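In UniProt numbering, the protein residues as written are 1 to 368. Even glycine gets a Cβ: it sits at the ideal position worked out from N, Cα and C. Fair warning: this is a prediction, and the values are worked out from it, not measured in the lab. Here the structure is laid out as structure tokens; the discussion comes afterwards.
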Amino acid sequence: DVTTSGLVWRAGMGSESAWRQMWEIREETGAHTRGQLTDQIRARVQEGRQTLAEARRTRGEIDQCIQRLQGEERKARRQLEECISLQRRLEGAGAREKTTWINSRTEVWKLQEKWRRERQGPRPTWEDRWNRKTSFAARGIATREVTGGLVEGGYHWVQDDAPQVDPLEPTHTKIPWFQCITHDCRLHTKDKVLAGFWPVRKEKHGKELPVRKTFSLEEMEDLGLPSELLWGRVPVAIFSHPDPPQPDQPRIQEVAAGEDDRTDKRLTVTASWGRQKIRALVDSAAQMNIVSPDFANLARMPWRVKDPKEWTIVKGPFDTQWCKRETLPLDITVAGKTTKVVFDLVDMDGKKDMILGHPWHEDYDPDI
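What follows is the structure, given as structure tokens:
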């Protein structure tokens, strides 16, 4: 516009028409310029609107995808909870089935056992056991006759004697005690003392008969008889006393008279716990019943730790020691009488494994 205006002035055009023409040209030029700018802006606005619409569509698709994923997550979580619940039900059903199977197996075993017993017939009573055909007859004497010196204690050979009858033969250890006719036999003395029965030779017309046949310990087991019947009751049954009363006051001197070392001034007896037999020292001055830990472990005696308030100090061969352990109440049998005894575990000198002290004397009440 300035250029056009300058040209007009240089041309000497100062009239009103010239000015009008100039403004028309100016208006036309500005309108053209404004039109171009408007088209560009419109194009950009349109492009922006399209971009915004696409963004909104994308946002909608994203929201739909998120909602779909959340729905699938909730569905998967419900399925997981259902699986866990099903697993728990299956575990409970499995435990019930296992219990049912065990109970059924037990019932089957009971029925089989019942059928087996019915097939075998009525079970024998204790008296039936005593009257079984398999029995061992022996001739013997009482303990008082042996300790009184009324019979000879040594072994004397008779023609046709089995070699194992001789106590000096190694095979003598394999015969049962009620076939040992040697009263001085140290191997079988304690069994004879406990039974109160000392086997002797059979006689015929005043002549001693040989012992030709003996039974071995293996044969005893094969017969299926209870050990107490074989080893402790057969001699008593011969005297027609199948169930002798238990002595209230056994004579300790008679029991100790048959022990190995008769020169020892100490009083020792044979004590039994189950199948274990042991030489026990009888000491009424001892304030407790004592057993060595080595023998307790060997015999597998049950023991426990004493209350610290009950710990005691014992002076033994291996210096002064604390007595912190004791056995459970054990059934100890001496001369046929059984009492409950609790032993303190104390290390001793190895020459003795058990001491029956004052507590045992009070319960046992021996006749000394």
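Asked: Integer-rounded CB distance, given that PRO199 should sit under 8 Å from ASP161; Found: With 8 Å as the limit, ASP161 and PRO199 do not qualify as a contact, their Cβ atoms being about 14 Å apart.
Asked: Where VAL305 falls, given that 16 or more other Cβ within 10 Å makes a residue buried; Found: exposed
Asked: Sequence-distant residues of the same chain with beta carbon closer than 6 Å to ALA299, five excluded per side; Found: GLN276
Asked: For THR182, the first and last residue of its enclosing beta strand (DSSP E); Found: Looking at the DSSP string, THR182 is not in any beta strand (DSSP E), and its letter there is neither H nor E.
Asked: Whole-angstrom distance between GLY153 and PHE215, CA atom to CA atom; Found: 22 Å
Asked: Burial state of ILE355, where buried means 16 or more other Cβ atoms lie within 10 Å; Found: buried
Asked: Local conformation of residue 432 per DSSP, three classes; Found: This structure cannot settle anything about residue 432, because the visible part of the chain is limited to 1 through 368.
Asked: Environment of ALA53 [buried if 16+ CB atoms lie within 10 Å]; Found: exposed
Asked: Nearest-angstrom Cα separation, counted from GLU113 out to HIS205; Found: 53 Å
Asked: Contiguous beta strand (DSSP E) assignments of at least 3 residues, all confined to the region 62-119; Found: none
Asked: Beta strand (DSSP E) segment containing LEU209, residue limits; Found: Note, LEU209: premise wrong, no beta strand (DSSP E); not H, not E.
Asked: Secondary structure of LYS277, DSSP reduced to three states; Found: strand
Asked: Residue range of the beta strand (DSSP E) that includes VAL334; Found: 330-334
Asked: Presumed contact (8 Å Cβ cut-off) between VAL291 and THR327, rounded CB distance; Found: 7 Å
Asked: Extent of the continuous beta strand (DSSP E) run through TRP198; Found: 198-200
Asked: Buried versus exposed call for VAL45 [16 or more other C-beta atoms within 10 Å across all chains shown]; Found: exposed
Asked: Which of helix, strand or coil DSSP assigns to VAL291; Found: strand
Asked: Collapsed DSSP secondary structure at ARG20 in the structure displayed; Found: helix
Asked: For TRP157, three-class secondary structure by DSSP; Found: coil
Asked: Rounded straight-line distance, which links the Cα of ASP331 to that of PHE197; Found: 23 Å
Asked: Three-state secondary structure assigned by DSSP to ASP261; Found: Because ASP261 sits at a pLDDT of 49, beneath the cut-off of 50, its placement in the model cannot be relied upon, and the following sentence gives the value as read from the coordinates. It is coil, neither helix nor strand.
Asked: Residue environment, CYS185, which counts as buried when at least 16 other CB atoms sit within 10 Å; Found: buried
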